[in-house]
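Chains as they are written, first to last, in the numbering used here: chain A, 1 to 218; chain B, 219 to 494. Heads up, the beta-carbon is just placed ideally off N, CA and C, and yes, glycines get one too. All of these numbers come straight from a predicted model, not from anything done at the bench. One structure below.
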Amino acid sequence: MLFMTRTLPFLFCFAFGMTGFAIYYVPHEWAQSVEREFALWLRLVYAFAYILGLVSLLSLHWSKIRQRQAGWAYSLIVYISFGVMFLFVVYNDGNGPFTSQATTGPYQWMFTSIHVASSATMFSMLAFYISSAAYRTFRARTPEAAILLVSAIIVMLGRVPIGAYISDVIPDTMQWLMSVPNMAAKRGILMGVSLGAIATSLRIIFGIERSYLGGGGD
Amino acid sequence: MDRLINIDRRIIFIFIFLGIAIPLLVDIPLPIKPTPTVRSVYDEIERISVEDADRPVLVSFSYGASTVPEMVPMTRAILRHLFSRGRKVVGICLWPEAVGIAQPIMDELAVEFGMEYGADYAFLGYKPGNLAVVLNLGQSLAGTFPFDAAGTPVGELAVLKGVRNLKDFSFVFDFAAGDSMEFWWIPFGQEKHRFPFAGGCTAVMAPDLYPFLQSKQLVGLLGGLAGAAEYETLIEAPGSATAGMEPQSVSHLIIILFIVLGNGVYFTTRRRGGKA
């Protein structure tokens, strides 16, 4: 049993990890065909992950409805919304489920007028919360915080036309801030994150890090 | 001072609301100055329109419903520029939600510029797999997208004649609301196959992508609504992004004034020996 739950997954991880790493750098036709197959398998995994996600979402909300947990009505809305959208996808504006999705009809209307509109509204509301948070927390308590504050003001003004309206210096300074200090910092962060990702990947490939197998990090 | 420090957040919300609503109703003409990163995208499309006119352009839509206000104006601006120069365009989606958003825009603009489906442009729809789709595209387009969104085999689409993989496109552009540019397209597409690549992203993501501009892995970058407005200025077709610059300018100004006010209160309170 230990072989199936620990050893075999580790062997798969090692084999696929090392092969995936090696073929990225090998332009030989054989390596390319292996890469193509790997990518196809990965896409299949992604497609099945959608099914897994759907089952997980519906199970979670079903248990909330069944146990009448706080806010169970929202879970009911999830079911109703899913059901209605699913029915109209199958209906496909009268064309049925076996032809390509119609670009008109009730499904497209619900997608554009309800889903897109409500999602965009939720995202847009961030502007209000950011404003309130900036007023309460953005303080020049230290010289570093003061530099950050001045830079933020220049970038905020420089990114919108009112900056150029006040002075041409503002967008030019904004561009310099983005292209030099920002880029230097981002590059450092990116390299650090990448090195961390490489180290973690190697630990997983060589079996040093096994917490992904479950049952503790031994 | 305490009242100012603990100001009801609804008062701030009202100021922001008015700062957005009033400029939408009253026209405040402001100059829009294209930045070098946006101009580079424009110049690249102009260049390929002259030097590489036969090969199609690939546009990838990697965004969803929540970022529509930022991403759709730049989608329209880029497609408008491509179609106005008679460029053949192939659209794909790496996010499932993008299909319902991008396809109507492509169809609408194609009608406006008299582009014919199949001959001048095509929409191949969505495939799951994120970076794996990019990897497969680098080897075989027909193997990755055997059919377009309407179910037509890609071999029957004249716009894809002679296109085997990513290297056969004159230019690739990614509209990204996630990490598709830096983690999918650049490492598994542009870096492996060396094609001209640029992108458009939400404003909050743009600073993360500047290292790729200096390394030339990105030809140019459109960041948020401001990037779209700059592009609309370059193609001389003001649209919703240009209109959005007025409320965005005023709301930025209001946020800055609140930050200055907050700091003024903070320093005044501190000088008096209070706690802020």
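Taking CB distances under 7 Å as the criterion, tell me whether residue i reaches chain A.
i	result
B:Asp272	no
B:Pro241	no
B:Ser284	yes
B:Pro249	yes
B:Arg227	yes
B:Leu236	no
B:Ser258	no
B:Tyr484	yes
B:Asn481	yes
B:Gly332	no
B:Ser433	no
B:Pro414	no
B:Gln466	yes
B:Ile310	no
B:Gly304	no
Taking the alpha-carbon of residue i as reference, which of the options has the nearest alpha-carbon?
i	options	result
B:Pro287	A:Ser119, A:Trp41, A:Pro161 and A:Ile204	A:Ser119
B:Pro252	B:Glu269, B:Pro346, B:Met463 and B:Thr486	B:Met463
B:Val275	B:Glu264, B:Phe389, B:His299 and B:Ala444	B:Phe389
B:Asn481	A:Ile205, A:Ala134, A:Ala22 and A:Arg139	A:Arg139
B:Ser358	A:Glu35, A:Leu11, A:Phe14 and A:Ser75	A:Glu35
B:Glu262	B:Leu248, B:Leu439 and B:Met399	B:Leu439
A:Pro97	A:Ile154, A:Thr103 and A:Val89	A:Val89
B:Pro322	B:Leu297, B:Leu471 and B:Ser302	B:Leu297
B:Gln432	A:Val180, A:His61 and A:Thr99	A:Val180
B:Trp313	B:Ile473, B:Phe406, B:Arg227 and B:Ala394	B:Ala394
B:Ala295	B:Ala271, B:His411, B:Ala444 and B:Gly491	B:Ala444
B:Thr293	B:Ser469, B:Ala459, B:Val478 and B:Tyr484	B:Ala459
B:Val277	B:Leu384, B:Leu471, B:Pro465 and B:Lys410	B:Leu384
B:Tyr339	B:Val377, B:Ala283, B:Ile232 and B:Ala360	B:Val377
A:Ile205	A:Arg159, A:Leu11 and A:Val45	A:Leu11
B:Val256	B:Leu242, B:Cys419 and B:Pro241	B:Cys419
A:Met178	B:Ile225, B:Tyr281 and B:Met423	B:Met423
Return the Cβ separation of residue i and residue j in integer angstroms, given the expectation that the two are a contact with Cβ distance under 8 Å.
i	j	result
B:Val317	B:Ala367	7 Å
B:Phe476	A:Tyr135	4 Å
B:Phe363	B:Cys311	That belief does not hold up - the Cβ atoms of B:Phe363 and B:Cys311 are roughly 10 Å apart, past 8 Å.
A:Met125	A:Val155	Their Cβ separation, rounded to whole angstroms, is 22 Å, which puts A:Met125 and A:Val155 out of contact at 8 Å.
A:Val160	B:Gln466	5 Å
Can you list the residues of chain A that residue i reaches, using a CB-CB cut of under 8 Å?
i	result
B:Thr253	Pro171 and Gln175
B:Lys345	Arg43
B:Met423	Result: empty, since nearest Cβ-Cβ is about 11 Å, beyond 8 Å.
B:His470	Met156, Leu157, Arg159, Val160 and Ile162
B:Gln321	Thr103
Could you tell me which chain B residues have their CB closer than 7 Å to the CB of residue i, listed as they occur along the chain?
i	result
A:Arg187	Pro429
A:His115	Ala283
A:Met178	Pro425 and Tyr428
Within 7 Å (strictly less), CB to CB, does residue i reach chain B?
i	result
A:Tyr46	yes
A:Ala140	yes
A:Met156	yes
A:Thr200	no
A:Met125	no
A:Leu190	yes
A:Ile204	no
A:Asn92	no
A:Val78	no
A:Thr19	no
A:Ile153	yes
A:Asn182	yes
A:Phe128	yes
A:His61	no
A:Asp218	Interpretation of A:Asp218 is limited by its pLDDT of 44, a score under 50 that renders its predicted location unreliable; the figure taken from the coordinates is listed afterwards. Not an interface residue.
Taking the beta strand (DSSP E) that residue i belongs to, which residues open and close that run?
i	result
A:Ser113	It is not in any beta strand (DSSP E) - A:Ser113 carries neither H nor E in the DSSP assignment.
B:Gly380	Premise fails: B:Gly380 is in no beta strand (DSSP E) and is neither H nor E.
B:Tyr339	Tyr339 to Tyr344
B:Val308	Val307 to Cys311
Which residues mark the beginning and the end of the alpha helix (DSSP H) in which residue i is found?
i	result
A:Tyr74	Trp72 to Tyr91
B:Tyr484	Ser458 to Arg489
B:Ala271	Segment: none, B:Ala271 is in no alpha helix (DSSP H) and carries neither H nor E.
B:Val351	Leu349 to Leu355
A:Asp172	Val169 to Leu177
B:Phe391	Looking at the DSSP string, B:Phe391 is not in any alpha helix (DSSP H); the run it does join, the beta strand (DSSP E), is Phe389 to Ala394.
A:Ser201	Met183 to Ile205
B:Phe231	Arg227 to Leu243
A:Ser59	Glu29 to Arg66
Please list the partners that residue i has in chain A, where partner means a Cβ-to-Cβ separation under 7 Å.
i	result
B:Pro456	In chain order: nothing, as chain A lies at least about 12 Å away.
B:Ile230	Ser131, Ser132 and Tyr135
B:Gln357	Gln32 and Arg36
B:Met463	Val160 and Pro161
B:Leu353	Glu35 and Ala39
List the residues of chain B whose Cβ lies closer than 9 Å to the Cβ of residue i, in chain order.
i	result
A:Phe82	Under the 9 Å cutoff, chain B gives no residues; its nearest Cβ is about 15 Å from A:Phe82.
Show which residues of chain A have a CB atom less than 9 Å away from the CB atom of residue i.
i	result
B:Asn348	Leu42, Arg43 and Tyr46
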